[in-house]
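Trainee: Here it is, the structure in full.
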Amino acid sequence: MVPFDELRELLTATGARVRNSVPLAELTTLRVGGPATVADCASTESLVATVRALDAAGIPLLLLAGGSNLLISDAGFDGVVVRIATERVEIGADRVVAEAGADWDAVVAATVDAGLGGLECLSGIPGSAGATPVQNVGAYGVEVEHLLRRVRLLDRASGEIRWVAPDELGFGYRTSMLKHSDRAVVLEVEFGLDPGGASAPLRYRELANALDAAEGTTRPAAQVREAVLRLRASKGMVLDPADHDTWSAGSFFTNPVVPEARVEQVRAAIADHVGDVTVPTYPAVDGVKFSAGWLIERAGFAKGFPGPDAPARLSTKHTLALTNRGAATAADLIGLAREVRDGVAERFGIRLEPEPVTVGVAL
Ligand SMILES: Cc1cc2nc3c(=O)[nH]c(=O)nc-3n(C[C@H](O)[C@H](O)[C@H](O)COP(=O)(O)OP(=O)(O)OC[C@H]3O[C@@H](n4cnc5c(N)ncnc54)[C@H](O)[C@@H]3O)c2cc1C
35 MVPFDELREL LTATGARVRN SVPLAELTTL RVGGPATVAD CASTESLVAT
85 VRALDAAGIP LLLLAGGSNL LISDAGFDGV VVRIATERVE IGADRVVAEA
135 GADWDAVVAA TVDAGLGGLE CLSGIPGSAG ATPVQNVGAY GVEVEHLLRR
185 VRLLDRASGE IRWVAPDELG FGYRTSMLKH SDRAVVLEVE FGLDPGGASA
235 PLRYRELANA LDAAEGTTRP AAQVREAVLR LRASKGMVLD PADHDTWSAG
285 SFFTNPVVPE ARVEQVRAAI ADHVGDVTVP TYPAVDGVKF SAGWLIERAG
335 FAKGFPGPDA PARLSTKHTL ALTNRGAATA ADLIGLAREV RDGVAERFGI
385 RLEPEPVTVG VAL
């Protein structure tokens, strides 16, 4: 471990505020994670200088913004957590440009208030603007890859800073070439929006129904934002410090995509275990997407599993969220995640993969 004084010395000229032994549980929405040195970067210049200085010295770093998609070990992080605290947001006639650390929901709200349509289905998602390309954030039928115009990156290998087009980022379902990679830091993002204020087409049945609209039609962005926030809150998917169902990383598992050749086998395993039921599936690029929440529930893990006394439980509102009831450790959450993953695999032959990024722990 590099002594704190050496780290502070190394980062003096970067403009970062350097803090010793910060409990990372204070910086993550799961509220777990042991101590680490944290360098808070409030400007893009400071962020770039800090990452460059640490990379040049060969010191491991962890980028962290809202901490809403991270499960960090109880041992903390041996290196420097670079906290992205930049904030600037600029709204134009048909676009928004945000620095990486800008609060995502505030960005969405500002665009809707300015009469711009496009981002409203992504209302209420915690975290930062700069993290949205990392896992191609999506909800209610919209993913950021379709709205991003460009992303400003610091390439950590070459040190170069440049704007890149979305098609250079290898987007997929809840992934991109930036996820699980040390390749680049997102410094800014730019989204193209509808100046007429219409929402993106309503592709998600539950949302269309809530708005009394036909699937594929649009509505004013402000109406859609309100409906999305209501739906998300009913599932514990909007952060609320008083509600432990929201002490989570959102959906803990991605919806599994099963190759066409295996689909009948999976359907047969499901029919064997739960009777002849209609299994909800959705078309996907390389196969058929099953609902992870449905599989978890049918595998015997009900909302609130394993019960009120457990420090880590499934949310009582949504089977797909693993939650901290106040005193959970990362080890408790990993234990619960393994139990759920293995239960689903045993019954249905499908292996669920975690959506959050794990640091110092593995499933
Ligand atoms: C209640 C709740 C609901 C959620 N709902 C959704 C949802 O509907 N859809 C969805 O897609 N996600 C959802 N999430 C997950 C999460 O909010 C998103 O993934 C969000 O984009 C993470 O942003 P963050 O700033 O908190 O990232 P962090 O958790 O701080 O970081 C996540 C990962 O991105 C990396 N990273 C962060 N910033 C940068 C950067 N500037 N450059 C490069 N790498 C970076 C980090 O190193 C880390 O690996 C939800 C989470 C919660 C808690």
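The numbering of the sequence shown is this note's numbering, which starts it at 35 and goes up by one.
Backbone N, C-alpha and C fix where the C-beta goes; we use that ideal spot for every residue, glycine too.
(1) Tell me which same chain residues have a C-beta within less than 7 Å of the C-beta of residue 86, skipping the five on either side of it?
(2) What is the rounded straight-line gap between the Cα of residue 199 and the Cα of residue 183?
(3) Measure the CB-CB distance between residue 102 and residue 63 and report whether it falls below 9 Å.
(4) Would you check if the region 309-327 and the region 339-346 touch, i.e. whether three or more CB-CB distances between them fall below 8 Å?
(5) For residue 182, which residues does DSSP report across the bridge?
(6) Going straight from the alpha carbon of residue 105 to that of residue 362, what length do you get?
(7) Taking the alpha helix (DSSP H) that residue 376 belongs to, which residues open and close that run?
(8) So who's on the other strand from residue 324, going by DSSP bridges?
(9) Quick one: grab the DSSP three-state call for residue 123.
(10) Going by beta carbon distance, what residues of the same chain come within less than 7 Å of residue 270, once the five residues before and after it are set aside?
(11) The beta strand (DSSP E) with residue 55 in it runs from where to where?
(12) For the region 265-318, which segments carrying the beta strand (DSSP E) assignment without a break, of at least 3 residues, lie completely within its bounds, in sequence order?
(13) By DSSP, does residue 44 sit in helix, in strand, or in coil?
(14) Tell me, which residues are paired with residue 177 by DSSP?
(15) Between the Cα of residue 83 and those of 366, 159, 190, spot the shortest distance and give me the residue it belongs to.
(16) Under 8 Å by Cβ, that's how I've got residue 249 and residue 242 pegged, so tell me the actual separation to the nearest angstrom.
(17) Cβ of residue 195 within 8 Å of any heavy atom in ligand 1?
(18) Taking buried to mean at least 16 other C-beta atoms within 10 Å of its own C-beta, is residue 215 buried or exposed?
(19) With a threshold of 8 Å (Cβ to nearest heavy atom), would residue 132 be considered close to ligand 1?
(20) Which value, in whole angstroms, describes the spacing of the CA atoms of residue 79 and residue 117?
(21) Inspect the beta-carbon positions of residue 232 and residue 151 and report whether they are closer than 9 Å.
(22) How far does the alpha helix (DSSP H) with residue 84 in it reach, from first residue to last?
(23) Relative to the alpha-carbon of residue 286, which residue among 47, 43, 391, 36 has its alpha-carbon at the smallest distance?
(24) Within a Cβ cutoff of 7 Å, which residues of the same chain sit near residue 203, ignoring the five residues on either side of it in sequence?
(25) What residue from 289, 225, 331, 70 has the CA that sits closest to residue 206's CA?
(26) Using the three-state DSSP reduction, which class does residue 390 fall into: helix, strand or coil?
(27) Who are the near neighbours of residue 297 in its chain, counting only those whose CB is closer than 6 Å to its CB and skipping five residues on each side?
(28) Can you determine whether any heavy atom of ligand 1 sits closer than 8 Å to the C-beta of residue 337, and answer yes or no?
(29) For residue 81, which of 331, 91, 54, 115 has the nearest alpha-carbon?
(30) To the nearest angstrom, how far is it from the Cα of residue 395 to the Cα of residue 128?
(31) Would you decide whether residue 311 is buried or exposed? Buried here means 16 or more other CB atoms lie within 10 Å of its CB.
(32) Looking only at its own chain, which residues have a Cβ that is under 8 Å from the Cβ of residue 140, when we skip the five neighbours before and after it?
(33) Might you give, ordered along the chain, the residues of its own chain that have their beta carbon closer than 6 Å to the beta carbon of residue 113, omitting 5 neighbours on each side?
(34) Measure the CB-CB distance between residue 221 and residue 188 and report whether it falls below 9 Å.
(35) With DSSP collapsed to three states, give me the class of residue 254.
Mentor: Judging by the given coordinates:
(1) Working through the sequence shown from its first residue, we reach residue 86 at position 52. The answer, listed in chain order, is 193.
(2) Residue 199 sits at position 165 when you count from the first residue of the sequence shown. Residue 183 sits at position 149 when you count from the first residue of the sequence shown. Each residue's alpha carbon lies about 7 Å from the other.
(3) The residue you call residue 102 lines up with position 68 of the sequence shown. The residue you call residue 63 lines up with position 29 of the sequence shown. Contact: yes.
(4) The region 339-346 and the region 309-327 do not touch, with fewer than 3 CB-CB distances between them shorter than 8 Å.
(5) Taking the first residue of the sequence shown as position 1, residue 182 is located at position 148. The partner list for residue 182 (beta bridge, DSSP) reads 225.
(6) Looking up residue 105 in the sequence shown gives position 71. Looking up residue 362 in the sequence shown gives position 328. Across the structure, residue 105 and residue 362 are spaced so that their CA atoms are roughly 12 Å apart.
(7) On the sequence shown, residue 376 is found 342 positions in, with the first residue counted as 1. Counting along the chain, the alpha helix (DSSP H) containing residue 376 begins and ends at 364-382.
(8) Against the sequence shown, residue 324 aligns to sequence position 290. Answer is 315, bridged to residue 324.
(9) As a first step, residue 123 must be located in the sequence shown, where it is residue number 89. Reduced to three states, the DSSP call for residue 123 is strand.
(10) The residue you call residue 270 lines up with position 236 of the sequence shown. 277, 279, 280, 349, 351, 352, 355, listed in sequence order.
(11) On the sequence shown, position 21 is the one that residue 55 refers to. First-last of the beta strand (DSSP E) with residue 55: 51-57.
(12) Segments of the beta strand (DSSP E) lying fully in the region 265-318: 315-318.
(13) Taking the first residue of the sequence shown as 1, we reach residue 44 at position 10. DSSP places residue 44 in helix when its eight states are reduced to three.
(14) For the purposes of this step, residue 177 is taken as residue 143 along the sequence shown, with counting starting at 1. Residue pairing for residue 177: DSSP places it in a beta bridge opposite 172.
(15) Residue numbering aside, residue 83 sits at position 49 when the sequence shown is read from its first letter. Of the candidates 366, 159, 190, the one whose C-alpha sits nearest the C-alpha of residue 83 is 190.
(16) Within the sequence shown, residue 249 is the residue found at index 215, counting from 1. Within the sequence shown, residue 242 is the residue found at index 208, counting from 1. Indeed they touch by this definition, with Cβ atoms about 5 Å apart.
(17) The count along the sequence shown starts at 1 and reaches residue 195 at position 161. For residue 195, the shortest C-beta to heavy atom distance toward ligand 1 is 8 Å or greater.
(18) Start at 1 with the first residue of the sequence shown, and residue 215 comes out as number 181. Exposed is the label assigned to residue 215, since fewer than 16 other Cβ atoms lie within 10 Å of its Cβ.
(19) On the sequence shown, residue 132 is found 98 positions in, with the first residue counted as 1. No, the Cβ of residue 132 stays beyond 8 Å of every heavy atom of ligand 1.
(20) Taking the first residue of the sequence shown as 1, we reach residue 79 at position 45. Taking the first residue of the sequence shown as 1, we reach residue 117 at position 83. The straight-line gap from Cα to Cα measures roughly 13 Å.
(21) Indexing the sequence shown from 1 puts residue 232 at position 198. Indexing the sequence shown from 1 puts residue 151 at position 117. Taking the C-beta atoms as reference points, residue 151 is found nearer than 9 Å to residue 232.
(22) Reading the sequence shown from its first residue, position 50 is the one you call residue 84. Taken as a continuous stretch (DSSP letters only), the alpha helix (DSSP H) holding residue 84 covers 78-91.
(23) Here residue 286 is taken as the residue at index 252 of the sequence shown, counted from 1. For residue 286, the nearest C-alpha among the options comes from 391.
(24) In the sequence shown, the residue the question calls residue 203 occupies position 169. Only 167, 185, 210, 211, 212 meet the Cβ criterion.
(25) For the purposes of this step, residue 206 is taken as the residue at position 172 of the sequence shown. Out of 289, 225, 331, 70, 289 has the C-alpha closest to the C-alpha of residue 206.
(26) Here the question's residue 390 lines up with position 356 in the sequence shown. In this structure, residue 390 counts as coil in the three-state DSSP scheme.
(27) The sequence position of residue 297 within the sequence shown is 263, counting from 1. Cβ within range, chain order: 322.
(28) As a first step, residue 337 must be located in the sequence shown, where it is residue number 303. No, the beta carbon of residue 337 sits no closer than 8 Å to any heavy atom of ligand 1.
(29) Residue numbering aside, residue 81 sits at position 47 when the sequence shown is read from its first letter. Answer by Cα proximity: 115.
(30) In the sequence shown, residue 395 corresponds to position 361, counting from 1. In the sequence shown, residue 128 corresponds to position 94, counting from 1. Each residue's Cα considered, the two are about 42 Å apart.
(31) Translated into the one-based positions of the sequence shown, residue 311 becomes position 277. In this structure residue 311 is exposed. Its beta-carbon is surrounded by fewer than 16 other beta-carbon atoms within 10 angstroms.
(32) By one-based count along the sequence shown, residue 140 stands at place 106. Taken in chain order, the residues that qualify are 123.
(33) Working through the sequence shown from its first residue, we reach residue 113 at position 79. Taken in chain order, the residues that qualify are 93, 94, 95.
(34) Residue mapping note: residue 221 aligns to position 187 of the sequence shown, counting from 1. Residue mapping note: residue 188 aligns to position 154 of the sequence shown, counting from 1. Taking 9 Å as the Cβ cut-off, residue 221 and residue 188 qualify as a contacting pair.
(35) On the sequence shown, position 220 is the one that residue 254 refers to. Strand.
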